[in-house]
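Per this note's numbering, numbering through the sequence shown is continuous, rising by one, with the last residue being 148.
Even for Gly, the Cβ is constructed at its ideal location relative to N, Cα and C.
Contents: one structure, followed by commentary.
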Amino acid sequence: MAVVSELLRSEQNGSISFGNHKLDAKAKLEDYKHGGDLYKVKTYSTMTKLEKNGLFLYESVPGTSVNQFTETANGVSFTVEGDSDAQITVGLKDDTEYEVFVAGESAGKMKTGLGGKLNLSVELADMGEREVKVVEA
């Protein structure tokens, strides 16, 4: 997997790919149209953030490169890569329990609060890319 050199792109399967964890300086792309929605991405080595229609969707510290990001009615799935372990926050439904899978293994169940944000840690250092799937429990 490689960084997303164009910062944000639509994939043939309907997913999106975004982020470039190799950038030293902050870069952003606004008003990107995909599936009838407007996306905004900010990314560089220390942070990657994605918004959809002005609402929070994804953030990682430090920055990550994300491929095949797909939203469903029951959660999200994506493949993530970074130079070091990352704290990832995804925007989901308010007050809902989700099960988190990293590299095909359950990392447990977590519940979102009123803001719908779910925080998870993903080991990325020397791991290459990792698949993440968050599904409503």
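Where do the N-terminal and C-terminal ends of the beta strand (DSSP E) with residue i fall, by residue?
i     : result
Asn64 : Run containing Asn64: none; DSSP gives neither H nor E here.
His45 : 38–45
Asn78 : 76–83
Report the CB separation of residue i from residue j in whole angstroms; it is logged as a contact under 8 Å.
i     : j     : result
Asn78 : Ser16 : Between Ser16 and Asn78 the Cβ distance is about 12 Å, and since that is not below 8 Å, they are no contact.
Quick check on residue i: buried or exposed, where buried means 16 or more other Cβ atoms within 10 Å of its Cβ?
i      : result
Lys60  : buried
Leu125 : exposed
Gly102 : buried
Ser26  : buried
Lys144 : buried
In terms of alpha-carbon separation, which member of the options lies closest to residue i?
i     : options                : result
Phe67 : Glu142, Asp105, Ser117 : Asp105
Gly86 : Glu140, Gly30, Lys128  : Lys128
Thr83 : Val72, Glu147, Asn64   : Glu147
Please determine if the segment 108–128 and the segment 46–59 are in contact, where contact requires at least 3 C-beta pairs separated by less than 8 Å.
The segment 108–128, when compared against the segment 46–59, does not touch it at the 8 Å Cβ threshold.
If you pair each beta-carbon of the segment 92–106 with each one of the segment 35–43, do three or more pairs fall below 8 Å?
Contact fails: fewer than three Cβ-Cβ distances are below 8 Å.
Meets three-Cβ-pair contact criterion under 8 Å: the segment 114–121 and the segment 79–95
Touching, no, given that fewer than three Cβ pairs across the two stretches are closer than 8 Å.
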